[in-house]
Structures are given as structure tokens and as C-alpha cells.
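One rule links them: number in my numbering = place in the sequence shown (from 1) + 32. For each residue, glycine too, the CB sits at the ideal point set by N, CA and C. Only one structure is covered here, and it is reproduced in the block below.
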Amino acid sequence: MSQEKNSLSNIIITTNEYIKNLKKNFLSIFIVLFFSAGIGLVYSYFLEDKFEAKYSFMFEEEQSNKSISPYLGIVSDMGIDIGGANSSFSSPSNLIQLLKSQMILLPTLERDTIIDGMNDNLLNHYIRIEGLPNIPTEINVQNKYKKDSIFKLIHEEITEHQLDIYFQNPDSEVLEISFKFKDKRFAEYFTNFLVDEVQEKYTLVRTKKTRDQLESLKKVRDSIAKRLDLVQKEYMSYVDQNTKVVRFSARVNELRSKMEVEDLGQALLGYNNQIRIIDYKLQDKKPLLFPIDKPLTPLENIRGSHVFWIFIFVSLGLFIVLFILLIRITVNKVLVKK
């Protein structure tokens with residue numbers, strides 16, 4: 033009990049000493065906080081503007097080939113090449129790679145628009161706004177080598193530092209695009225143009241992949257049909273043999289052929305169903321990407337206000353001062369004991 037009283041009294045004494053030191057050094061603390069506020073204000077003035085344009089949309093994920101999945105092993109065991117009949121393109125990682133690819137970003141940057149009263153393509157606007165050294169403010173489109181070199185540099189800068197693409201959660205089909213840039217008009221135009229390009233290119237690529245998949249399925253279907261026709265003839269020949277003289281080997285062959293005919297028949301039915309489903313999707317003209325939220329204008333400056341940075345630096349200065357005072361009191365107590 034006495035130990036608890038001693039520890040409590042020590043805490044009270046330490047707290048009182050701390051308060052006394054705060055009062056004693058009030059002027060010094062005020063000066064430190066004043067300079068911290070000044071540093072925060074200066075920092076906020078020199079901090080570069082940064083605007084964020086966010087775009088979100090849903091995408092229709094490719095359905096798995098459920099109609100043929102049970103028969104892939106059977107068809108493969110029979111020596112029929114299934115090729116890319118069960119391949120899929122529309123995975124989240126593929127879509128993100130497509131969005132960051134040169135196939136999407138180059139046409140996006142080649143689009144013309146008016147920014148700051150100047151009508152030019154986004155590539156030249158980007159160079160002008162960023163003030164990139166050793167790069168002319170206007171790119172000669174005829175000089176392909178020079179243009180490709182410059183675009184490669186800008187492509188790396190955008191994909192590594194300014195463009196962020198992610199899904200809201202691992203199981204979500206909602207894709208978020210976030211682009212941060214110092215010019216709000218550029219950020220807005222770039223994001224909208226990027227989504228336009230990806231909608232067009234994604235549809236083209238997805239349609240081509242679907243057509244290729246359809247052709248692969250048809251080839252496998254035709255191979256199954258040929259194999260089924262051959263096995264049916266074998267089965268009928270074994271049946272004819274067993275109607276005359278029943279032999280064990282012929283009976284075994286008849287049963288084996290019958291099972292193979294049934295398996296191939298089911299596989300053929302499954303492939304025909306899958307072909308009809310894919311063919312219907314190719315005829316359907318509905319969009320594969322569905323926009324949900326577009327950038328709200330005017331875009332918000334995410335660099336933080338002057339008040340925000342003053343508060344951050346004042347808080348940091350206060351923390352440092354209080355920490356130094358605490359260390360000082362602790363050191364003094366240790367020296368007094370010695």
C-alpha cells in the first residue's frame with residue numbers, strides 16, 4: 033500500500049514539475065510554435081498543386097465455360113486437342129495491364145483538347161505543364177523515333193507515379209482509376225479520354241479473343257463429332273457380332289464402345305451449348321464496361337490547405353518541445369539522485 037502511495041506521489045510531483053517547466057518556458061515554446069507555423073505556411077506555399085481525377089466503372093467478367101468443363105478431361109484423354117478453347121482474357125490483372133499499356137496511353141495522349149487557351153494534343157500539354165527539360169514544347173509527329181522516345185519517358189512517369197488503377201476489393205468488379213496531376217483541366221481530360229480509349233480497345237480485344245475462342249470450340253466440336261461417328265460405327269459392328277455369337281472379348285469391346293459413345297455424345301452436347309452461348313454474346317451489342325462515377329468538376333486540390341500544413345507543423349513543433357522538456361526533467365531528477 034505504501035509503495036502505491038509513493039508511486040502516486042512521484043507521478044504527482046513529476047506532473048507538477050512538468051507544468052512548472054511549461055510555464056517557465058512559455059515564451060520559448062511560443063516562439064518555437066510561431067516559427068513552426070511560419071515554416072508550415074512557407075512549405076504550403078511552395079508545395080505543388082495536385083488534383084485528383086477519379087473514375088470508377090464495372091466490367092463484365094468473362095463467364096467460365098461451364099458447359100464444357102466436365103468434358104475437358106474426357107476429350108483430352110481421347111487425344112483431341114482442346115487448344116485455347118477454355119482460355120479467358122477478362123481477368124482483373126489483364127484489364128489493369130491493358131489500361132496501363134502503350135496501346136491505351138499513346139492514343140489517349142494523342143487526343144487534342146484546349147487547355148489554358150491552347151489547342152494541342154495531351155502529349156504536348158503534358159510536356160509544357162511539367163516543364164520537362166531538354167524536350168521541345170512541340171513534338172514533330174513525322175519524327176517517329178523521337179516521338180517514341182519521348183512517349184516512353186512520359187509513359188513511365190505516368191504509370192509509376194501519377195496513374196493508379198485498382199479494384200475496390202479482391203472480389204469486386206468495380207474498377208477505380210485515379211490520376212493525380214498539377215493541372216486540374218489536364219487531369220480531367222486525361223481521365224475521360226483514357227476511359228474512352230479503354231472502352232473501345234477493350235471491346236475490340238475482348239471481341240477478337242471471343243471469336244478466336246469460338247473458332248477453337250468449333251474445331252474441338254468437329255473433332256468430337258468425327259470421333260463420335262467412328263466410335264458409333266465400331267459399336268454397331270460389335271453389336272452385330274454379338275447377335276450371332278456372343279464372345280467375351282467382343283462383349284467387352286461393345287460395352288467399352290457404348291460408354292465412349294455416351295461420353296462423346298454428352299461432350300458434343302456441352303460444346304454445342306457453349307458455342308451457342310458465345311455466339312449469342314457476339315451478337316449482343318451491350319457495352320462491356322459500365323461507367324459508375326465520373327470525375328466531379330472542379331477537381332479538388334489534394335495537396336492540403338495552408339491551415340492544414342500550419343496545423344501539421346505546429347503539432348510537430350509542440351511534440352518536439354514537450355518531448356525535450358520531458359527528457360530534461362528526467363535527466364535532472366537522475367542527476368539530483370546521484
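(message) When you compare the segment 215-229 with the segment 152-166, are there three or more beta-carbon pairs, one atom per stretch, that lie closer than 8 angstroms?
(response) Contact between the segment 215-229 and the segment 152-166 is present, because at least three Cβ pairs lie under 8 angstroms.
(message) Starting from Pro139, trace the alpha helix (DSSP H) in both directions and tell me its first and last residue.
(response) Here the question's residue 139 lines up with position 107 in the sequence shown. Looking at the DSSP string, the run of the alpha helix (DSSP H) that includes Pro139 is Gln134 to Leu141.
(message) Just verifying my parser: in three-state terms, what is the DSSP assignment at Ser210?
(response) For the purposes of this step, residue 210 is taken as the residue at position 178 of the sequence shown. In the three-state scheme derived from DSSP, where H, G and I count as helix and E and B as strand, Ser210 is classed as strand.
(request) Note down the Cα distance separating Arg360 from Ser133, rounded to an integer number of angstroms. (result) Start at 1 with the first residue of the sequence shown, and residue 360 comes out as number 328. Start at 1 with the first residue of the sequence shown, and residue 133 comes out as number 101. Straight-line Cα distance between these residues: approximately 57 angstroms.
(request) Less than 8 angstroms between the CB atoms is what I'm expecting for Val293 and Gln273, so what's the real figure, rounded? (result) As a working note, residue 293 is residue 261 in the sequence shown. As a working note, residue 273 is residue 241 in the sequence shown. No, Val293 and Gln273 are not in contact; Cβ-Cβ is about 16 angstroms, not under 8 angstroms.
(message) With a threshold of 7 angstroms on Cβ separation, who are the neighbours of Glu232 within its own chain once the five nearest residues in sequence on each side are excluded?
(response) Working through the sequence shown from its first residue, we reach residue 232 at position 200. In the same chain as Glu232, and ignoring 5 residues on each side of it, no C-beta atom comes closer than 7 angstroms to its own.
(message) Taking a contact to mean a Cβ-Cβ separation below 8 angstroms, would you say Leu154 touches Arg143 in this structure?
(response) As a working note, residue 154 is residue 122 in the sequence shown. As a working note, residue 143 is residue 111 in the sequence shown. Contact flag set, yes.
(message) Assuming contact is defined by CB atoms lying nearer than 8 angstroms, are Phe340 and Tyr75 in contact in what I supplied?
(response) What you label residue 340 is simply residue 308 of the sequence shown in a count that begins at 1. What you label residue 75 is simply residue 43 of the sequence shown in a count that begins at 1. Pairing Phe340 with Tyr75 gives a Cβ-Cβ distance that is not under 8 angstroms.
(message) Residues in the same chain with beta-carbon distance under 6 angstroms from Val227, minus the five sequence neighbours each way, listed in chain order, please.
(response) Here the question's residue 227 lines up with position 195 in the sequence shown. Within the same chain, Val227 has close Cβ partners Tyr87.
(request) Tell me, to the nearest whole angstrom, how far the beta carbon of Leu260 is from that of Gly297; I am working on the premise that it is less than 8 angstroms. (result) The count along the sequence shown starts at 1 and reaches residue 260 at position 228. The count along the sequence shown starts at 1 and reaches residue 297 at position 265. Right, the Cβ-Cβ distance comes to about 6 angstroms (below 8 angstroms), so this counts as a contact.
(request) Excluding the 5 residues preceding and the 5 following Lys313 in the sequence, name in chain order all residues of the same chain whose CB lies nearer than 8 angstroms to its CB. (result) Working through the sequence shown from its first residue, we reach residue 313 at position 281. Here the set comprises Thr242.
(message) So, with DSSP's three-state summary, where would you put Lys326?
(response) If you number the sequence shown from 1, residue 326 lands on position 294. Correct three-state label for Lys326: coil.
(message) Can you look up Glu84 in the DSSP assignment and give me helix, strand or coil?
(response) Looking up residue 84 in the sequence shown gives position 52. The answer is strand: DSSP assigns Glu84 an E or B state.
(message) I'd like to know whether the C-beta atoms of Asn57 and Leu354 end up nearer to each other than 8 angstroms.
(response) Taking the sequence shown and counting its residues from 1, one reaches residue 57 at position 25. Taking the sequence shown and counting its residues from 1, one reaches residue 354 at position 322. Against a cut-off of 8 angstroms, the Cβ pair of Leu354 and Asn57 comes out as no contact.
(message) Between Ile307, Ser337 and Arg238, which has its C-alpha nearest Lys251's C-alpha?
(response) As a position in the sequence shown, residue 251 is number 219, starting the count at 1. Just measuring C-alpha positions, the residue of Ile307, Ser337 and Arg238 sitting nearest Lys251 is Ile307.
(request) Over the uninterrupted alpha helix (DSSP H) stretch that includes Leu154, give me the two end residues. (result) What you label residue 154 is simply residue 122 of the sequence shown in a count that begins at 1. Leu154 -> alpha helix (DSSP H) spans Leu154 to Glu162.
(message) Does Ile146 come out as helix, strand or coil in the three-state DSSP assignment?
(response) What you label residue 146 is simply residue 114 of the sequence shown in a count that begins at 1. The answer is strand: DSSP assigns Ile146 an E or B state.
(message) Suppose you measure from the CA of Ile309 to the CA of Leu79; what does that come to, to the nearest Å?
(response) Indexing the sequence shown from 1 puts residue 309 at position 277. Indexing the sequence shown from 1 puts residue 79 at position 47. Between Ile309 and Leu79, the alpha-carbon positions lie close to 56 angstroms from each other.
(request) In the DSSP assignment, find the alpha helix (DSSP H) that holds Leu65 and state where it starts and stops. (result) Here residue 65 corresponds to residue number 33 of the sequence shown, with the count starting at 1. Residues Phe58 to Phe78.
(request) Please classify Asp196: does DSSP put it in a helix, a strand, or coil? (result) Counted from its first residue, the sequence shown places residue 196 at position 164. Correct three-state label for Asp196: strand.
(request) Enumerate in chain order the residues of its own chain whose CB-to-CB distance from Ile136 is below 8 angstroms, with the five nearest sequence positions on each side excluded. (result) The residue you call residue 136 lines up with position 104 of the sequence shown. Once the five neighbours on either side are set aside, the close Cβ partners of Ile136 are Leu130, Leu226, Glu229, Val230 and Lys233.
(message) Rounding to the nearest angstrom, what Cα-Cα distance links Leu246 and Val206 in this structure?
(response) Taking the sequence shown and counting its residues from 1, one reaches residue 246 at position 214. Taking the sequence shown and counting its residues from 1, one reaches residue 206 at position 174. Leu246 and Val206: Cα-Cα distance of roughly 27 angstroms.
(message) Tell me which residues share the same chain as Glu266 and place their Cβ nearer than 7 angstroms to its Cβ, disregarding the 5 neighbours each side in the sequence.
(response) Numbered from its first residue, the sequence shown carries residue 266 at position 234. Contacts found: Ser289.
(request) Look at the alpha carbon of Lys326 and the alpha carbon of Ser210, and state the distance between them as a whole number of angstroms. (result) Here the question's residue 326 lines up with position 294 in the sequence shown. Here the question's residue 210 lines up with position 178 in the sequence shown. Taking the straight line joining both Cα atoms gives about 11 angstroms.
(request) Leaving out five residues on either side along the sequence, give the residues of the same chain with a beta carbon under 7 angstroms from the beta carbon of Phe322. (result) On the sequence shown, position 290 is the one that residue 322 refers to. So the qualifying residues of the chain are Phe89 and Met90.
(request) Give me the Cβ distance between Ile334 and Leu300, rounded to the nearest whole Å; I'm assuming they're in contact under 8 angstroms. (result) Locating residue 334 in the sequence shown gives position 302, where the first residue counts as 1. Locating residue 300 in the sequence shown gives position 268, where the first residue counts as 1. Wrong, their Cβ atoms sit about 58 angstroms apart, outside the cutoff.
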